[in-house]
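Sequence lines, in order, name chains G and H. The numbers in the first sequence follow my numbering, run straight up by one, and end at 624. The numbers in the second sequence follow my numbering, run straight up by one, and end at 624. Using N, Cα and C, we set each Cβ at its ideal position, and we do this for glycine too. Here is the structure we will look at, set down as structure tokens.
There are 2 protein chains.
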Amino acid sequence: VPQQELPVTERLVSAAFELFERNGFEATTVDDIAQHAGVSRMTFFRRYRSKEDVVFPGHDELLSRIDTRLSEARPHRKGLAVADAARMVLDHYIGEGEPARARYRLTTSVPALRAREVAGIQQYQRLFSRYLTDWMASESDGELRAQILAAAVVAAHNHVLRRWLRRETEAPEQEFDHAMDIALSGFSDSAERGSTVVVFSSSTAAERVVAKLERVLGPGGTKSVL
Amino acid sequence: VPQQELPVTERLVSAAFELFERNGFEATTVDDIAQHAGVSRMTFFRRYRSKEDVVFPGHDELLSRIDTRLSEARPHRKGLAVADAARMVLDHYIGEGEPARARYRLTTSVPALRAREVAGIQQYQRLFSRYLTDWMASESDGELRAQILAAAVVAAHNHVLRRWLRRETEAPEQEFDHAMDIALSGFSDSAERGSTVVVFSSSTAAERVVAKLERVLGPGGTKSVL
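Have a look at this one:
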């Protein structure tokens with residue numbers, strides 16, 4: 399497809415990535431990008447504040463969609479809301495396709511872009527942490543556990559995303575579901591995800607563990623005794 | 399204590415933080431800091447590359463001490479090594495005292511410093527992740543679990559550190575031990591920390607859970623069936 403037939407935004411992004419990869423991020427100017435995309439400098443600045451901005455389009459919009467999804471979480475479906483919200487990020491990158499992989503190559507080689515990406519990841523994590531802290535406020539160690547869970551969810555998401563970016567997986571969606579199960583296994587509201595987590599002191603004798611488990615699991619269904 | 403009696407490095411750090419808090423980070427120049435500390439510009443640049451550097455002294459040295467501690471982890475004491483290494487960071491900040499709290503006020507109000515701090519936290523996390531990935535390489539989902547654990551450890555550490563920085567706790571060390579127990583509860587080599595974590599499908603009947611537990615816990619001691 400010749401450059402000229404794409405919409406302006408896609409032309410700018412594709413021109414920017416091409417020049418960044420060919421000439422390096424620092425050496426590429428906004429004028430270079432505009433010229434390569436066949437548009438004016440003014441057209442560039444109507445869409446982006448800087449050349450960094452071209453590398454991370456849609457970040458704010460994605461954050462706000464995650465916020466919405468989390469705010470709509472139903473009782474006892476909060477683990478699902480967290481997994482769905484994290485899945486939006488994965489789907490966003492997979493939907494982008496090649497530009498997402500080009501960005502990955504750039505952020506791993508240009509420290510300024512790497513720093514910006516890390517700051518973006520931090521924003522996701524803070525958002526998850528804010529909701530989880532609110533939901534777990536009444537639990538013991540609620541805030542601590544919420545922050546650990548938010549970090550776990552983001553790490554699990556990044557693990558799968560990175561594998562997809564490096565072409566190490568053909569089935570990122572299935573890997574993602576599995577990764578979320580692991581990351582959310584300590585979340586008491588994630589009953590619908592199908593796990594029970596039980597922690598015992600290692601000094602507890604097996605019979606006492608068994609007795610306690612029978613008491614806990616007794617009436618049926620899933621409970622967390624964390 | 400009059401400024402002049404402190405060693406040069408402490409005078410520079412204290413002058414920088416005083417000016418950053420009074421006049422703002424952007425408005426403060428290296429010349430201002432040197433003058434306020436009663437030293438030359440050259441003396442400043444012998445110790446720091448930039449005014450950002452004054453805010454995060456000792457970061458690289460701390461990273462390298464953590465690296466050393468993790469590299470010396472003994473078999474079946476790896477959970478302990480991780481907790482010890484994270485504890486070094488906490489102890490470093492507590493040892494600093496007031497300057498650590500002044501830095502916290504700065505990093506929460508100056509985006510450039512916040513970005514640099516987030517990048518620094520990312521470096522700790524990558525270091526923990528590197529060792530854990532190596533140690534867990536042969537486990538199923540080892541790399542995923544290692545990355546989740548590294549994120550959990552850093553989040554747990556940051557939770558306690560932040561509480562200390564905000565003067566919300568008088569007992570950061572005890573809170574830290576408790577936070578590490580929670581963060582490391584999914585780590586199979588952390589037997590010495592005294593926990594067993596067991597995950598069952600919620601559809602598993604209580605009797606089958608019990609039977610499986612007896613099999614697992616049978617010979618004595620602690621095992622993870624994650």
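Query, Result
"Every unbroken alpha helix (DSSP H) within the stretch 423-485 of chain H, with a cutoff of 4 residues, ordered by chain", "428-435, 439-445, 449-453, 457-469"
"Span of the alpha helix (DSSP H) around residue 506 of chain H", "496-507"
"Amino acids of chain G, ordered along the chain, whose beta-carbon sits closer than 7 Å to that of residue 543 of chain H", "580"
"Neighbouring residues, chain H, relative to residue 520 of chain G (Cβ below 7 Å)", "516"
"Chain-ordered chain H contacts of residue 539 of chain G [CB-CB under 7 Å]", "580"
"Any C-beta of chain H under 8 Å from that of residue 344 of chain G", "Absent from the structure is residue 344 of chain G, since the part of chain G shown begins at 399 and ends at 624."
"Inter-stretch contact at 8 Å, needing at least 3 Cβ pairs: the stretch 508-521 of chain G / the stretch 449-463 of chain G", "yes"
"Proximity below 8 Å, CB of residue 539 of chain G to CB of residue 580 of chain H", "yes"
"The alpha helix (DSSP H) enclosing residue 417 of chain G, as first and last residue numbers", "406-421"
"Through-space distance from residue 504 of chain H to residue 420 of chain G, alpha-carbon basis", "38 Å"
"Close-in-space but distant-in-sequence residues of the same chain around residue 527 of chain H (CB under 7 Å, 5 per side omitted)", "544, 545, 548"
"Anticipated Cβ contact below 8 Å, residue 431 of chain G with residue 449 of chain G, distance rounded", "7 Å"
"Nearest to residue 674 of chain G (by Cα), restricted to the options G/428, G/517, G/542, G/515", "In the structure displayed, chain G extends from 399 to 624; residue 674 of chain G sits before or after that span and is not available."
"Residue 440 of chain G classed as buried or exposed, judged by whether at least 16 other C-beta atoms fall within 10 angstroms", "exposed"
"Residue-level contact to chain G via CB, residue 557 of chain H, 8 Å cutoff", "yes"
"As assigned by DSSP and simplified to three states, the class of residue 549 of chain G", "helix"
"Cβ contact (3+ pairs, closer than 8 Å) linking the stretch 482-499 of chain H and the stretch 556-572 of chain H", "yes"
"Distance cut-off 7 Å: residue 545 of chain H Cβ against heavy atoms of the ligand SAM", "Questions concerning the ligand SAM fall outside what the structure shown contains, since it holds no ligand whatsoever."
"Exposed unless 16 or more other CB atoms sit within 10 angstroms - verdict on residue 561 of chain H", "buried"
"Interface residues of chain H facing residue 546 of chain G [CB-CB closer than 7 Å]", "550, 553, 554, 580, 581"
"Beta-carbon gap between residue 577 of chain H and residue 558 of chain H smaller than 8 Å", "yes"
"Residues that residue 513 of chain H contacts on chain G, provided the C-beta gap is smaller than 7 Å", "513, 517"
"8 Å contact criterion, which residue 468 of chain H and residue 479 of chain H should meet: CB distance rounded", "6 Å"
"Where residue 577 of chain G meets chain H, residues with beta-carbon distance less than 7 Å", "542"
"Contacting residues, own chain, Cβ-Cβ under 7 Å from residue 523 of chain G (five flanking each side not counted)", "548, 549, 552"
"Reduced DSSP category for residue 370 of chain H - H, G, I as helix; E, B as strand; rest coil", "Outside the displayed span of chain H (399 to 624) sits residue 370 of chain H, for which this structure offers no information."
"Distance CB(residue 437 of chain G)-CB(residue 410 of chain G) smaller than 8 Å", "yes"
"Cβ pair residue 518 of chain G, residue 457 of chain G closer than 8 Å", "yes"
"Chain B contact for residue 451 of chain G (CB, 8 Å cutoff)", "The structure shown has no chain B; the protein chains it does contain are G and H."
"Reduced DSSP secondary structure (H/G/I, E/B, other) of residue 527 of chain G", "helix"
"Contacting residues, own chain, Cβ-Cβ under 7 Å from residue 643 of chain H (five flanking each side not counted)", "This structure does not reach residue 643 of chain H, given that chain H is present from 399 up to 624, and the question cannot be answered."
"Environment of residue 565 of chain H [buried if 16+ CB atoms lie within 10 Å]", "exposed"
"Outcome for residue 470 of chain G when other beta-carbon atoms lying within 10 angstroms are tallied against a minimum of 16", "exposed"
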